[in-house]
Each structure stands twice: as structure tokens, then as C-alpha cells.
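Report on the following structure.
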Amino acid sequence: MVTTPLLARHAEAFYWMARYMERAENLARILDVTQTFGHDPDGALSWGPLLQINADEARFREHHPEGGAQAIKRFYLIDAGNPTSVLASVMGARENARAVRALISTELWSHISVFYGELAALRSADVAGANLSRVCAMIRSNCQTHVGIAEGTLFRGPGWYVYQIGRYLERADQATRLLDIKYHLLLPSLREVGSQIDVNQWHSLLRTAGAYHAFRRVYPRGMTPADVARFLLFETAFPRAVLPCVQHLERRTDHLSRDFGVPVDPSIRAALERLHDMLDTTIEAVIRAGLHEFLDRLQQEFAALGAALSAAWFHPDAAAAA
Amino acid sequence: MKLQALRGDVPALPAKGLLEGYDSNGFFCELAPWRAEESRELGLILRRLNGVDLKDLRRQARQVDTDLYNLGVTFTVYSDKDAIDRVLPFDVIPRVLLRDEWATVEAGVIQRVAAINHFLWDVYHDQHILNDGVVPRDLVLGNPNYRPEMTGFDVKFGTYAHIAGIDIVRDETGRFLVLEDNARTPSGVSYVVENRRMMLRSFPDWMTDVAVRPVDDYGFRLEQAMLEIAPEGVDAPQVVLLSPGIYNSAYFEHVFLAREMGVPLVEGRDLVVEDDRVFMKTLCGPEPVHAIYRRVDDQFLDPEVFRPDSLLGVPGLMRAWRKGNVAIANAVGTGVADDKAVYAYMPRMIRYYLDEDPILDNVETHICREPEALKYTLDHLGELVVKPVGESGGYGILMGPKASRAERAAFRERLKKRPDNYISQPVVRLSVLPTLTRTGIGPRHVDLRPYAVTGRSTWVLPGGLTRVALPKGSLIVNSSQGGGSKDTWVLA
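Going down the list, the sequences are from chains A and X. Residue numbers for the first sequence follow our numbering, so the first one is 248 and each next one is one higher. Residue numbers for the second sequence follow our numbering, so the first one is 16 and each next one is one higher.
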């Protein structure tokens, strides 16, 4: 296939458009389920992890010394000044889409632009109480529509594959964060399994990942924390689990190299291989060595892969100069 | 006057309807109800328009605004925190040009573009026109847009202004007059194509039984011209569109054109010159580039030659061009031809280079650098429009009849200090078109910018951008001053 080569800058915009959209979707999932948790007597605990997941605690306290659930919701949904908010993520996606507008369909641009407009118009009352769930559903639905339009309209050049790499990398990274935060908050020790609150919280975790029903299909008879962790890390039949995302990353990279002659730098190969090797294990081995440590290392490897992509593909000049 | 005589003779339209009571106030109007007799199609269109309900039209117009916004047919205004997309106001009542009217405009634009290209070749080569005293030497050589770097450089086909936009108005008799030439980077063509698409979507039945010439192939024509000017001996020349980037207010148009042409939309930082050849940085490494449609001004194009602080350009681009390894459209240095003072000499240039009478006249223009013209301008300040020669976008203009005594006095001082910076023209009684306003359908002043694309030869997009001054009585059609646009129909 003879196609015009993709500019490195445009490749980066495809990558970040996908990452930001995926990030927005994950955040909406977390907020929605945390809201359900918020009705627990121990409610305050439930919003805190949100801040930890993004390492936002200090910044949040600085801007919202009064704290509180409502302030956290605003902070994560509609605060343009918070770079980890849904609004900021969608704005990031939109600005990257703007950079590749000539390469994406009018529908894709139009959708992302209208979606952003809808978010930017939200006010405090719109995300209070029962409205939150509706807003989160609206966000999820729009993120999924985005992916659907991309799937249905994006030209199958290198941009499409880079877009997918961005999406799967972000999704895998978010899955580890989700698991990590629930893990060390709810379950300092795996021995505390069995209380009602514990079961509720693992349910909630699964629902956050949109995984509850899928999990039930694989584990119809019961649930242990190890099962849940295994499912979210290694279940290849579940599209939001870490392992299948990493497999996608490997395949898309091969695709770019094979079909479009995109050179794959050894640093990218090495990062992918390390991830591959790390995930070639069992949940028992992971828990024995420490789940939190494992998740932490995965996150570091995702960051390393992102840095390798950026240096080798998106900014080869800067890399050469350094 | 034939047209005037026709007026009011025939009640072509039913007394009731959308255009009921519409009065062009003595200005020429292509859609004046009495013109329904002039052509079958015009009659059909007028009767159709007249049958539209005002409320329905308003509702549709609001929907069109939303659609344009959602489709991203916008220009973007940036603040510290946000990017605000704005729609260029679109008036849903189209402009209709008859076959013969368009034939005149088209031939006139082709002639004018030919003269501009002859002139540019001449001033950057032997300067016959200066030596013969037809155009003052210092007006050209002392012009801020004259580029000595272009001296002796042969551009392919002698084409400098590959894309030109000629601003045309109609006076009260309907005569077409050229108001301004745009030979650098005329913008707005994306609105022509998008306006048409929006009309076809929103008012699908308005064009039934009316053959209107299509505007859809602009991108294809532009791409063809770029391929024509690409260096010889390249099998499949790579064309790119060079944009200053997303912060440029015309970024949507750059996106639009890149997409319509099917070429990469690059910025200066995406290009690099090595061994006098231009490459773009791709995922697969550097790839050669052979023709550049640039929307970056001369001054920013190549920091090695022009402004050294430019981050928008590409170091070494001029070298690569001069070596014949890449084509650049428009050529550098075309600004000397669309200067408002040089404009005044255009009819003389047409006679000088082409030995033809101008098909389109200029608006009568006084060049204030000439003592008599300055005196005339100062004596008649209250009747004239005085324009700075270097500005665009309608900035810095004195509208004599509308200016206050104090404004005129202040302007008089500026004019006396720098007479060479100004030209003056009588107030042209710009033609009007029925336009949707807050109080119903009313006359609003319009101009017309046809776009000419020139590689080996010149092609003119049928129609062009009709800009409309939306505030009542306003004669300034620029978008920065409350201007909007209309779809322009050329009858086939």
C-alpha cells in the first residue's frame, strides 16, 4: 500500500488523542462507582483513594482546603485547572485532535468538539447527587462513541496503529492504578478477606473496571481477592485487563514495522519485552512477592515504554541531540 | 439606465411573502424582486425565496450556525486557558450571479492575475515597467514587501501568485469594480466550499431545477497546480501545506485544504533542509518534499534569509527553492503586487503587459504620495475613504462621511505626516443583497472575492466568497468588523 508517510508530530497527536480519551473514560468509571461507595457509613474513605490514584492530594488540599466529596467531584469532573480532571483530559484529546484534523474524519472531530462543549457547560449542580451518575454515564458513552467513530472512520495508515497503541497503553496503566489503589487501601493484608464490607469493595472494584459481569462468567461460584486481581491482570477474554492490552501493544508495533516500514527502536522492543516477561507469571507468584510492588513496577514499565515511543518516534531530533 | 428603468415595471412577485417590502434603497441588488424577469432561474429562485416563512428561516439559520460550529467550520480565538471556536456568521440567503455576469468577472480575474504575474516577473528581472516610468520606481523598490532576494530568480511558468483572491464590488449601476488584489495568502476559500455544502444540506430544495456551478473541486485544482509547478523529473511529487499551526486564526482553512488536497498539513518544525533538499520528519524518518503551498508569510518563511527569530519557518528553504529542488506557492515577494498603492497602477499594467483594455475597472483611486492627489484627498476628506496601504482586515481606515469632525482632524495630521502610506477612494455605493436581520429581511452591503489558481494556466473557482457587512448600513465586510458570508451561486 502506498500512503503518504505520517509526520512524527501527527503520530504523537494520534497517540495522545487516544490516551486522553481513554483516561477520561476510566476516570468517569472510577467516579461513578466511588459515588455508590459514598453511601457507606465509612464514606469519607472512599473519595480519598481518588486523590491518591493520581497523586493529587497535595494539590487538591491547596485549592480546596475545606475538602469534601462534592469538592472532589468538581475537582475531577469540571475543574479545567486540574490537569487530571475529565474536562482537562477531553480538552487534551480535543487539542490533539485539532493537530490531526486533516487526517481524521469530520465526524470524529465534530463529536469530540461537541463532547467537550457539553462538559465545559457543566456546573457544580450538574455533578451533585444523583446527577453525578448520569454525567459519568454521558462521559463513558461519549468516550465509547469516540472509539467507535475512530474504528469506523480512521484511515488504516500508521496513524490508526499509533492511536491504538496510545489507547491500550493508557488502558493498561489505568487498570494497574485502579487495582493498586483499591488493593492497598482496602486490603493491607490479604488475610482480611471475608467481611461484608470487603466483598462490597471488591464488587465495586470490578464494577469500576466494567468487569463485574465478565468476572461472574469466569468465576460463577465465588470470589477471592486473588481471583479479582488475576482477572484484572491476566484475563485475556476481558478487554480492560492488563495482559490483553500489552498483547495489543506488541501486535500494533509489529504491524507498524511490517506493513508501514516504521523502524522500531531497540528501546521500544526492550520495554515491550520487559512487560511481556513480567506478565508471564501467576497471580500466586505476584501476591507472594507483593501485589503493590508488582503494580508499581508495571507502571514504571508503562512509563518507560511511553518515554521510548516519545524519544524514538515522536521526537527523534531531541533524542539525537541529547 | 436600463436596469433602473426596469425597476418597478413588472410586479414579478406576489405582494405577500418573505421579500415583501424589501427595498434595496437605491443600491444595486442582484436579488431585487424586479430582476425576476431577467432570467428564468432568477425568477424561480426569487419566487422560491419569497415563499419561505420568516420563522422557519430563522429556525433553519440557527440550526446552520450550530451545525457549522459542530462541524468545526470555525476560526479559533485563544485565551490563556481555553481555545474558543467561533463561527463566521453565515447568511442563509444566497447570492446569485447570472452566466454573463460571471463570464465578465472570470475573464477580468484571469486578465488581472496575468498582469500581476507579468509585473512580478518584470520587477524581479529587467524592470521594464519601472524604466519606462509607468510605475514609480521607488514605489516598488522602496516597498516593504519588495524582496530583493527574488531578483533574477526564474519561477516556473512565470507564475508567482499561484493563488490569488481579487476583491470585487458592484456600484449602483451594477458595474463590477476591483477594490483590492490579494496575491500573498488570500484566505476564505474554505468558507466558499463549506457554505455550499451547508446550503445543500440545509435547503436541499432551493436548487431544484436551477443549475449552479459546483465549487467542490477547488482542492483538486489546487493540487493539480502544485503538481504542475513541482520540480521536473520527480515521479510522484510530494506536496505539503505549510501552516503556522493551530494558533493561526485560519487554521481551519489549512486543515480543510490539506484534506481536500490529500496532502500532509505540516508546520515549520516538521520540515528540515539538508543538502538544499527539503524533507519532512515522519514516523519512518525524513521523507522528501517537492512542492509547498505555504500559508506562512514571507518574513517568517526562512530564518536564514528573513526574520532570524522566526520559529514558523524552515532554515534553508530559500536555498532549496533557488536550487530548483522544491516549489513554493505563492512565491516570495508577491506582496509588492497587491500593495494598495501599486493597485492604483493595475489598469496601466494590464495595458502595458497585455496590450488589452482592463475588463474590470479599478475604483477611482488617489495615490496620496502624489502631491495633487494628496491635496484632493485633504480637500475632500469628508467624502472619501482613506486607507493605509500596508494594512489588511479593514484596520486603520477612515470612512470620511461617517467620521466625526475630531476623527477627521486627527486623521488629517496622520495623512500629512505619512502621505505615501495612504490612498483614498470615493465611497463606493456597494451593492446589497437581501439578508436575514433581527428585524426581518433587509438589504446589506456585500463584496465578492473570487479565487484564481494558477500553475501552467489560470482557473477561477466559479463564484467565490461573498462577504456581507451585517450591521445596518455598514460598508465594511471584514470578519473582524462584523462581516459574515453568503453562498455564491453562479448559474451554469
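In this text, a Cβ means the ideal position worked out from N, Cα and C, and glycines have one as well.
Sequence-distant Cβ neighbours of residue 466/A in its own chain, meaning closer than 8 Å and more than five residues away, are 474 and 478. Put simply, the CB of residue 508/A is near chain X, with a gap under 9 Å to one of its CB atoms. No Cβ of chain A is located within less than 9 Å of the beta carbon of residue 257/X. Among the residues facing chain X, residue 251/A is included, as its CB has a counterpart in that chain under 9 Å away. Apart from sequence neighbours up to five positions away, the residues of its chain that approach residue 42/X with a beta-carbon distance below 8 Å are 187, 444, 445, 446, 447, 458 and 460, ordered along the chain. If you check the CB distance, residue 138/X and residue 503/X do not come in under 9 Å. The beta carbon of residue 401/X sits closer than 6 Å to those of 413, 437 and 439, all from its chain and outside the five residues before and after it, given in chain order.
Between residue 501/X and residue 146/X, the gap from beta carbon to beta carbon reaches 9 Å or more.
When secondary structure is reduced to three states using DSSP, residue 474/X falls in the strand class. When the five nearest sequence neighbours on each side are left out, the beta carbons in the same chain lying within less than 6 Å of the beta carbon of residue 279/X are those of 255, in order along the chain. Counting C-beta atoms within 10 angstroms of its own C-beta, residue 69/X has fewer than 16 neighbours from the protein chains shown and is therefore classed as exposed. Distances from the CA of residue 361/A to each of 338/A, 373/A, 381/A and 350/A were compared; the closest alpha carbon is that of 338/A. Excluding sequence positions up to five before and after residue 392/A, its CB lies within less than 7 Å of the CB of 358, all in the same chain and listed in chain order. Scanning its chain for C-beta atoms nearer than 8 Å, with the 5 sequence neighbours on each side dropped, one finds around residue 422/X the residues 413, in chain order.
Interface residue (Cβ-Cβ distance to chain A less than 9 Å): residue 245/X is not classified as such. For the pair residue 312/X and residue 318/X, the CB atoms are not nearer than the 9 Å cut-off.
When the Cα atoms are used, residue 283/X and residue 326/X turn out to be separated by approximately 7 Å. Contact annotation for residue 279/X against chain A: 251 and 254 [CB-CB distance below 7 Å, chain order].
For residue 484/X, the three-state secondary structure derived from DSSP is strand. Contact of residue 516/A with chain X is not assigned, every C-beta pair being separated by 9 Å or more. Annotation: residue 460/X is outside any alpha helix (DSSP H); the continuous beta strand (DSSP E) that includes it extends over 455-464.
Beta bridge pairing from DSSP links residue 295/X with 286/X and 302/X. If you draw a straight line from the Cα of residue 182/X to the Cα of residue 402/A, it is about 38 Å long. DSSP lists no beta-bridge partner residue for residue 376/A. Along the stretch 97-183 of chain X, the beta strand (DSSP E) occurs as fully enclosed runs of 3 or more residues at 98-102 and 105-112, listed in sequence order. Cα atoms of residue 282/A and residue 450/A: separation of roughly 14 Å, rounded to the nearest angstrom. Only those residues of the stretch 299-317 of chain X whose C-beta falls short of 9 Å from the nearest C-beta of chain A are listed: 299, 300 and 302.
Counting only residues of its own chain and dropping the five nearest sequence neighbours on each side, residue 240/X has a CB closer than 7 Å to the CB of 177, 468, 469 and 470. Distance from residue 412/A to residue 354/A at the Cβ level is roughly 22 Å; contact not present, criterion being Cβ atoms closer than 8 Å. Taking a Cβ-Cβ threshold of 9 Å, none of the residues of chain A is close to residue 290/X; the smallest such distance is about 17 Å. Put simply, the stretch 404-422 of chain A does not touch the stretch 302-320 of chain A. Fewer than three CB pairs are less than 8 Å apart. For a cut-off of 8 Å, the C-beta gap from residue 194/X to residue 462/X is around 7 Å, short enough to register as a contact. Judged by DSSP in its simplified three-state form, residue 468/A adopts coil rather than helix or strand. Rounded to whole angstroms, the separation of the alpha carbons of residue 252/A and residue 306/X is 16 Å. The three-state reading of DSSP puts residue 234/X in helix, counting H, G and I together. A direct Cα-to-Cα measurement between residue 110/X and residue 223/X gives close to 16 Å.
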